[in-house]
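For the sequence shown, this note's numbering begins at 1 and goes up steadily by one. The beta carbon of each residue, even a glycine, is placed where N, CA and C say it ideally should be. To start, the structure itself, in structure tokens.
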Amino acid sequence: MAFAKTVHLGMLSFWEAGRDANACTGALYKCTNVPQSKYEFAKIFAGYTG
């Protein structure tokens, strides 16, 4: 996020919001496999305004 703000990136996105969930032990198509709260990446990205 800091880099995007520094260079005034025109677009910032991530792949598949459905995987933006709590870390799980299942297949990677179900979650990010990163310890996080539900929709944490979406909440962080929502704060980016360019």
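Minimum C-alpha distance to L28 - residue among S37, Y39 and E16 = E16
Is E40 helix, strand or coil by DSSP?
-> helix
Contact check, N22 vs K43, beta carbons under 7 Å | no
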